[in-house]
Structures are given as structure tokens and as C-alpha cells.
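Report on one structure; see the data block that follows.
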Amino acid sequence: MSRRRKNPHPKRAVNARTVLKVREKDEPNLVLCLKIPDEEEDDLEANHHQIQKEETTFNKKGAKRKRTQHECDVCGKVFDRRSLLDRHMRTHTNERPYECDVCEKRFTQSSSLKTHMRIHTKEKPYECDVCDEAFRQLGHLQSHMRIHTKEKPYECDVCEMKFRQSGTLKKHMRCCH
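First residue of the sequence shown? That's 1 in the UniProt record's numbering, and the numbers climb one at a time after it.
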């Protein structure tokens, strides 16, 4: 059984300035708070916020446990952890809090900065066991391995040609279809 969250603005009446909307059909256990901004509030951060979605689940032993989910008030995407929602919000605000000390390039995630720093340090920690070529990112090694395995997982829906990389399929679609 699921619970709805109470009015997050208990000192305010539900009126034109604060609207509580329950999406019964789509998500019966979610209440969205759509705060209409005050004229004097210029700060975007002050004019929007997220409401937590609480869901009661049961573990394997049958004990109740609450699972709180956090929904983005811009696009509706739901996250299990607040930190994931905070990171996601940077896609909407274009905030890039992580800056490279060498070239001043900015990133939304610390892991992206860490990977970027390998350009400056020339570090390539991912090495191919077959040909000893090295890569800065694990994904690049995984793509490279398709050369050795002959794997071509990306297939054209029109002519059934197969490709090792998704980008090559996209180029094929632009030029040939």
C-alpha cells in the first residue's frame, strides 16, 4: 500500500499560489507541488522544488520498508536517491561545478572530470589483452574489443548492414537512407 505526501506548505492554503495536483491514473502515490513564483523572487532555485514519492515495499522476510523516490519537477524522471536527482538537475540548469585545473573545462560530474584529467596526465589505464593498445576510458576499450571479436551489434533497420559502433550506423543512415 502506498502513501501520499501531505501538503509541503502546511502554512499556506491550497490556492492559486500553491497547487497540489494528484495524478491518480498515472502515479497514484505521487503528489506534485507546483509552486507559482512570487513576483519578487528572481532566483530559479527558489521557484521550483521536488516532492518525494514514498512507496511501501516488503523485503524478502515480509517486513515493511519505505522506499522514497525523488521526481524531477522539470521532466518527471524519478530517482531512488536524492543525490541522483541533484546530479540529474544539472542537465536542466547546465550547472557545471567541477573544473579542470589545467584547461578550465567544466563538468557536471566529478567522474567526468577524473576521466578528462587523463588527457593531461597521458594516463591510459585500460589495456587490450590482445594487441596491447591502451585507452583512457573503459568504454573505448570495450568498443575496440569488437575489432578482435568481429562483433557488430548495431544493425541498420533498412538494409540490415551491421556496424561495430553506433556512430558508424548513424553516419550510414544519414548518407545512405
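A virtual CB, placed ideally from N, CA and C, is assigned to each residue, including glycine.
Given the structure is predicted, the values throughout are model-derived calculations rather than measurements.
Please name the residue, chosen from 61, 75, 83, 74, that lies closest to residue 68 on a Cα-to-Cα basis.
83
How far does the alpha helix (DSSP H) with residue 170 in it reach, from first residue to last?
Here the alpha helix (DSSP H) through residue 170 covers 166 to 176.
Does residue 106 come out as helix, strand or coil in the three-state DSSP assignment?
Correct three-state label for residue 106: strand.
Of all the options 91, 74, 111, 90, which has the alpha carbon lying nearest to the alpha carbon of residue 100?
111
My understanding is that residue 128 touches residue 141, with C-beta atoms under 8 Å, so please give their C-beta distance in whole angstroms.
6 Å
Tell me the DSSP secondary structure of residue 137 in three-state form.
coil
Consult DSSP for residue 114 and reduce its assignment to one of helix, strand or coil.
Helix.
Around the C-beta of residue 71, are 16 or more other C-beta atoms found within 10 angstroms, so that it is buried, or is it exposed?
It counts as buried.
Here's a check: name, in chain order, each residue in its chain whose Cβ is nearer than 6 Å to the Cβ of residue 78, leaving out the five neighbours to either side.
69, 71
Between the Cα of residue 118 and those of 157, 135, 107, spot the shortest distance and give me the residue it belongs to.
135
Just to check my reading of the structure: residue 109 and residue 126 have Cβ atoms closer than 8 Å, yes? What is that Cβ distance to the nearest angstrom?
With a Cβ gap of about 19 Å, residue 109 and residue 126 do not count as contacting.
Compute the Euclidean distance between the alpha carbons of residue 92 and residue 85, then round it to the nearest angstrom.
11 Å
Which partner residues of residue 144 appear in the DSSP bridge assignment?
According to DSSP, which records beta bridges pairwise, residue 144 is partnered with nothing at all.
Residue 234 and residue 90: beta carbons closer than 8 Å?
Residue 234 lies beyond the stretch modelled for the chain, which goes from 1 to 177, so this question has no answer here.
Rank 73, 103, 139 by C-alpha distance to the C-alpha of residue 165 and give the top, closest one.
139
Need the endpoints of the alpha helix (DSSP H) that residue 86 sits in, please.
82 to 93
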